[in-house]
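For the sequence shown, UniProt numbering begins at 1 and goes up steadily by one.
All residues carry an ideal CB built from backbone N, CA and C; glycine is no exception.
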Amino acid sequence: MCLQDTESERVPQETVEEVVDHRALMQEALQEAMQSPPKPSNFCVGALLVDLETGEVLSRGYTLEVEGNTHAEQCCLSKLAQAYDLPEERVGEVLPPNTAIYTTMEPCNMRLSGSLPCVDRIIRTRTKDGAAAIKKVYLGVKEPEKFVGENQGRTKLEEHGIECIHVPGLEGEILKVATAGHRK
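Shown next as structure tokens:
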């Protein structure tokens, strides 16, 4: 996994959005979510860390992929950190400048398990100079109020200067996968 690009290979800033198919990337995140073991106490969520300049998927994750009660965004960050032999809180130091996270569901702002919420993990992901390393979060659906009530994750991210963008068109599929282990 090489994140070192030459300047000549970089896409000019004004065309960054043109190289990325947001719906296709959300579909890839949904494929990740489908790998999550269905449980009545979790949503099956998938996530991708993406370099928006190149469209390269830097890391993938899904709920419960990594040992413990892990969420998809957490798995993305911890797997990439492990690949660079860094603690998760320093993974932002190796991310390209236009990194975004695609997640099938709004990142959690509260964890019943007491673990660090995914919103806080995203906010603390910083470059070496202290700037936000993840500036955009693309999400498929808002988190249903089943476990923690109304999720204020999007609001908190936006308060920290991280743009949240809804990717429409897959909501029904995302919710079907997310709630696969729940009683109907």
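message: Let me make sure I understand the geometry here. Which of Pro37, Asp120, Ser59, Val66 has the alpha-carbon closest to that of Glu89?
response: As a working mapping, residue 89 is identified with position 89 in the sequence shown. Ranking the options by Cα distance to Glu89, first place goes to Asp120.
- prompt: What's the C-alpha gap between Pro97 and Cys44?
  reply: Residue 97 sits at position 97 when you count from the first residue of the sequence shown. Residue 44 sits at position 44 when you count from the first residue of the sequence shown. For Pro97 and Cys44, the distance between alpha carbons rounds to 29 Å.
query: If you draw a straight line from the C-alpha of Pro87 to the C-alpha of Glu173, how long is it?
result: Sequence index remark: in the sequence shown, residue 87 carries index 87 (1-based). Sequence index remark: in the sequence shown, residue 173 carries index 173 (1-based). So the two alpha carbons sit approximately 34 Å from each other.
- request: Could you name the residues of the same chain whose beta carbon sits closer than 7 Å to that of Lys128, not counting the 5 residues immediately before and after it, in chain order?
  value: In the sequence shown, counting from the first residue as 1, residue 128 sits at position 128. Around Lys128: Glu93.
- request: In angstroms with no decimal places, state the Cα-to-Cα distance between Arg126 and His166.
  value: Taking the first residue of the sequence shown as position 1, residue 126 is located at position 126. Taking the first residue of the sequence shown as position 1, residue 166 is located at position 166. Approximately 23 Å, taken between the alpha carbons.
- request: Determine the direct distance from the alpha carbon of Arg183 to that of Val50, and round the result to whole angstroms.
  value: Taking the first residue of the sequence shown as position 1, residue 50 is located at position 50. Taking the first residue of the sequence shown as position 1, residue 183 is located at position 183. Approximately 34 Å, taken between the alpha carbons.
- request: State the DSSP-derived secondary structure class of Ala180, mapped to helix, strand or coil.
  value: Your numbering for residue 180 matches position 180 in the sequence shown. Ala180: coil per DSSP, three-state reduction.
query: How would you label Ala155, buried or exposed, when you count the other beta carbons within 10 angstroms and need 16 or more for buried?
result: By 1-based counting over the sequence shown, the position of residue 155 is 155. In the sequence under discussion, the amino acid at residue 155 is Thr, which differs from the Ala named in the question. Under this definition Thr155 is an exposed residue.
task: Find out if the Cβ-Cβ distance for the pair Ile122, Glu65 is shorter than 8 Å.
output: Mapped onto the sequence shown, residue 122 falls at position 122. Mapped onto the sequence shown, residue 65 falls at position 65. Result no, Cβ atoms of Ile122 and Glu65 do not sit closer than 8 Å.
query: Excluding the five sequence neighbours on either side, which residues of its own chain have a C-beta within less than 7 Å of the C-beta of Cys164, listed in chain order?
result: One-based indexing of the sequence shown puts residue 164 at position 164. Contacts found: Val137, Leu139, Arg154, Leu157, Glu158.
- prompt: First and last residue of the alpha helix (DSSP H) that includes Ser78?
  reply: As a position in the sequence shown, residue 78 is number 78, starting the count at 1. Here the alpha helix (DSSP H) through Ser78 covers 72-83.
message: In the DSSP output, what is Asp51 paired with across the bridge?
response: Along the sequence shown, read from residue 1 onward, the residue named residue 51 stands at position 51. Looking at the DSSP assignment, Asp51 forms a beta bridge with Thr99.
- prompt: In angstroms, rounded to a whole number, what distance separates the CA positions of Ser41 and Glu32?
  reply: By one-based count along the sequence shown, residue 41 stands at place 41. By one-based count along the sequence shown, residue 32 stands at place 32. Rounded to the nearest angstrom, the two C-alpha atoms are 18 Å apart.
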